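Numbering (our numbering), first residue to last: 43 to 301.
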C-alpha cells in the first residue's frame, strides 16, 4: 500500500457568466482552502504533522492535497460519518469549524464542493448552498476554566492577549483587556501563573473552544519546596510522638475493625 494518499476538493460555480477555472479563481479563495485543509486532516497535532503538498487543476477547479495515507484513511472515515449522520456536531472543534467555513463559502459564492479521497473514490461528500453542515449552537455553553503554566508572551497591537504554555493543553492564547496588562506592576513573563478564564465548552464531549478564551484574572502560582521548613516540621513531629508506640496507636485507632 502506498504511504501517500490524496484528497480532491472540486469546486463548481461561476464568476459572473464565466464558469469557474484556475484562471479566474482568486488567490484569497485558495488561501482559505489551504487554511481549512490543515484543520480537516490534523485538527490537534499540527506541530509534528506530516507534510501536506498542494496542486490546483482544471475541472472546474480541483484542489489536490497529498499527505500521509493514515491521515487520508482517517479523513475518509470522518466524511462517511458526516454523511451518515448529516451532522458535524460530533467532530473535533477545528474539524467542525473547517467544514463550516467551506459551507459558509458555498452560501456566499453559490459554489458546489465535492470532496473525495484516494482511499474510497466512490465516496463523494458534497457541500452546496442547499446543505446545512453547521454546528448546533446549544452544544456549546459558557464555562469557567483554570489553567496553570508559564506565561510566555503578553501584549498585542490591536488585540491584547497572553500566551500560556501548559502541560495539559499546550500553548493557549487568551484574550485580555489592555488596561489589565498595563496595571501589572512587575514583569510577569516566563513565570508560573494560574489563569482564571471563561470560554466555550462542548457540553457533550467536554472539549474547550481554545479560540474563545478570555482572561478573568491572573493567579500568583509559586510552588515552592522549602527544605528547612520541612525539616522543622519533621523535628516537631518527632517530639510529639515520643513515648508512643505507632503500632499500638494504630490498633487503638482501628478498634475492632480488622483490615
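All C-beta atoms, glycine included, are put in the ideal place defined by N, C-alpha and C. Everything numeric in this text was worked out from a predicted model, so none of it was measured.
Each residue's CA atom was taken as its position, placing residue 209 and residue 189 some 10 angstroms apart. In this structure the segment 230-237 does not touch the segment 114-131; the number of beta carbon pairs closer than 8 angstroms is below three. Excluding five sequence positions before and after residue 51, the CB atoms of its chain that fall closer than 7 angstroms to its own CB belong to 75, 105, 155 and 157, given in chain order. About 5 angstroms separates the beta carbon of residue 98 from that of residue 64, a gap short enough to meet the 8 angstroms contact definition. Unbroken beta strand (DSSP E) stretches of 3 residues or longer found wholly inside the segment 190-219: 203-208 and 212-217, given in chain order. Taken through DSSP and simplified to helix, strand or coil, residue 157 comes out as strand. For the beta strand (DSSP E) assignment, the uninterrupted runs of no fewer than 3 residues enclosed by the segment 88-115 are, from N- to C-terminal side, 95-100 and 103-110.
Only exposed fits residue 150, as fewer than 16 other CB atoms lie within 10 angstroms of its CB.
Here the alpha carbons of residue 175 and residue 139 stand approximately 10 angstroms from one another. One Cα belongs to residue 101, the other to residue 62, and the distance between them is close to 8 angstroms. Residue pairing by DSSP places residue 53 opposite 103 and 155 in a beta bridge.
Boundaries of the alpha helix (DSSP H) harbouring residue 80: 69-83, taken from the DSSP string. Collapsing the DSSP output to three states places residue 283 in coil.
By the criterion of a C-beta distance shorter than 7 angstroms, residue 203 is surrounded in its chain by 215, 216, 217 and 218, once the five residues flanking it on both sides are discounted.
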